[in-house]
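Notes for the one structure printed next.
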Amino acid sequence: MKIQKIEPPRFPVDLREETFELIEDEAFYENCLFKNCTLTGRDLEKVCFQSVQFVNVTFSDCHFHQLELLDVEFIKCNLSNTEMIGGILHRCAFLDSKIVGVNFAESSILDTTFKDCQANYSSFSYASLKRVSFTDMPLIESDFFNIKWLHLTFNACDLTGVNLMQTNLKGLNLSTSSFEKINLSIELLRGCMINPEQSIVIAGALGCIVE
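FYI, the numbering for the sequence shown is 1 to 211, going by full-length UniProt numbering.
Take a look at the structure:
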């Protein structure tokens, strides 16, 4: 299957600088830039960011319900342990950011790039991922349980301990990434592309002895 090109976020030429001072449920932010600021301890519903850039922004102990991110870019941000369950992400990019433990479960993620991020222990369980790429980053012990995907790529990622149980792996290419252990459903493994070293790890998980 030929991987389709991911559409990048779209921004106007000029973005006005904004802060979180007035953020509340159902807030809508468009064509703006958040830079060098922090959002702490907020539980928010139906917030929408459209054509927004976040640069060196920290989200601490934040819980977003029905979050919408449309044409959004995170650069050198810290979103660790942020909750985004059931969110919508369309044309987004996470670049050189910390997303350790972020919960994207049950989200719809389309045309989104994750590159050079720290993403250990993140969760994408039950999410829908279409034209999504993870590049040059650790995803140790992250959860991709029962995801639905199309044109998903892992490029040079550390997938040690990743959970892919109940996920159909037919057509998924893991060969450029690495893992010392991995959790997957054997009956859904057929058609997954792996390298020789990875085949030894998977064989060991099945109880086989490779001599």
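Glycine included, every Cβ here is placed at the ideal spot set by N, Cα and C.
- Query: What do you get for Ile194, buried or exposed, if any count of 16 or more other CB atoms within 10 angstroms of its CB means buried?
  - Reply: So Ile194 ends up on the buried side.
- Assuming Phe154 and Ser125 make a contact with CB atoms under 8 Å, what is their CB distance in whole Å? 17 Å between Cβ atoms; not a contact.
- Message: Given this structure, state the Cα-to-Cα distance separating Thr113 from Cys92, to the nearest angstrom.
- Response: 6 Å
- Kindly indicate which residue of Asn78, His90, Ser80 has the alpha-carbon position closest to the one of Glu68. Ranking the options by Cα distance to Glu68, first place goes to His90.
- From which residue to which residue does the alpha helix (DSSP H) around Ile200 run? For Ile200, the enclosing alpha helix (DSSP H) stretches over residues 196-205.
- Message: Just to confirm, is the Cβ distance from Asn31 to Pro12 under 8 Å?
- Response: yes
- Thinking C-beta only, is Phe54 closer than 8 Å to Met84? no
- Boundaries (first-last residue) of the beta strand (DSSP E) holding Thr38: 38-40
- Message: Taking the alpha-carbon of Cys157 as reference, which of Glu180, Asn36, Lys170 has the nearest alpha-carbon?
- Response: Glu180
- Item | Three-state class that DSSP yields for Glu141 in the structure shown | coil
- Label Asp43 either buried or exposed according to how many other C-beta atoms from any shown protein chain fall within 10 Å of its C-beta, with 16 as the threshold for buried. Label assigned to Asp43: exposed.
- Query: Under three-state DSSP, which class holds Leu188?
  - Reply: Residue state for Leu188 is assigned as helix, using DSSP reduced to three classes.
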